[in-house]
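*Asks:* What follows is a structure written as C-alpha cells; I'll ask about it next.
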Amino acid sequence: MLWVDNDNFQATYQVTNYLIMKGHSRISFLGGPQDHNVSRDRWEGYKKAMTVHGYSIDKSITFQDGSFSEEFGSECMLNMISAKEKGTPLPTAIVTSDDMQALGVLKAMRKMNVSGIAVTGFNNVPISLYQNESFTSVDVNASKLGFFAAKLLIGKIEGRKNLPTHYIVPTNLVEVKPFY
C-alpha cells in the first residue's frame, strides 16, 4: 500500500513542547475520532510531551475522542468554562487537533469573554483570513503532501520498480502574534 502523511505524533509532541517551553503547564488537548490513526498519533504526541516534562494529564480539560469540527471545539471550551464556575481552573493553553476546532475554541472564548489562553491549531488552513480569528497552527505542507501522493501514484501507474511505499512530509509551526 502506498501512502503519504506527516509524522502526527512528532508534530503534536513539538507543539505541546513549544507551549511548555513558553511556560505553560496546564495544557488542554482536543482530539479527533479515535478510529483515525491521525487522532491516535496526535493524542500520543501530546501525552508524551506532557509526561516527559513531568506534567499529569488532567481529564477535566482533555477531550481525547471528538470530531475535527468547529462545534466540537466550541463545546469543549464551553465545558471548560462551565467547570471553571465550579472551581476547576481553565487551561493556560489548548492544543487542538484541527484548525476548525481551534476556531470553535476561540469563538466560544470571545462569546464568554475569556482571554489569555494560547490556542494552537493543526493544518494551517487559511480560515483565519475570513473568520476574524487567528491562532498558531501546525502547517502540514499540503502542497508537498499532494506532490508526493501524485509522484507515488504516477510511479505506480507507470509500473516503476523500487518505488518507495510512502513519504513522510515534515511539518512547520506557524506562530501568530499575540501568543500567550
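Per this note's numbering, the sequence shown runs over residues 4 to 183. Note that the Cβ used here is the ideal one computed from N, Cα and C, for glycine as well.
1. In the DSSP assignment, what residue or residues form a beta bridge with Thr123?
2. By the DSSP assignment, the alpha helix (DSSP H) with Phe151 in it spans what residues?
3. Taking DSSP as the reference, what is the three-state secondary structure of Tyr58?
4. How long is the line joining the alpha carbons of Trp6 and Asn165, rounded to whole angstroms?
5. At the level of alpha carbons, what is the spacing between Phe12 and Gly124?
6. If you draw a straight line from the C-alpha of Gln104 to the C-alpha of Met53, how long is it?
7. In terms of residues, what are the limits of the alpha helix (DSSP H) holding Leu81?
8. With DSSP collapsed to three states, give me the class of Leu33.
*Replies:* Judging by the given coordinates:
1. Val98, Thr139
2. 145–160
3. coil
4. One C-alpha to the other measures close to 15 Å.
5. 14 Å
6. 21 Å
7. Run containing Leu81: 73–87, per the alpha helix (DSSP H) assignment.
8. strand
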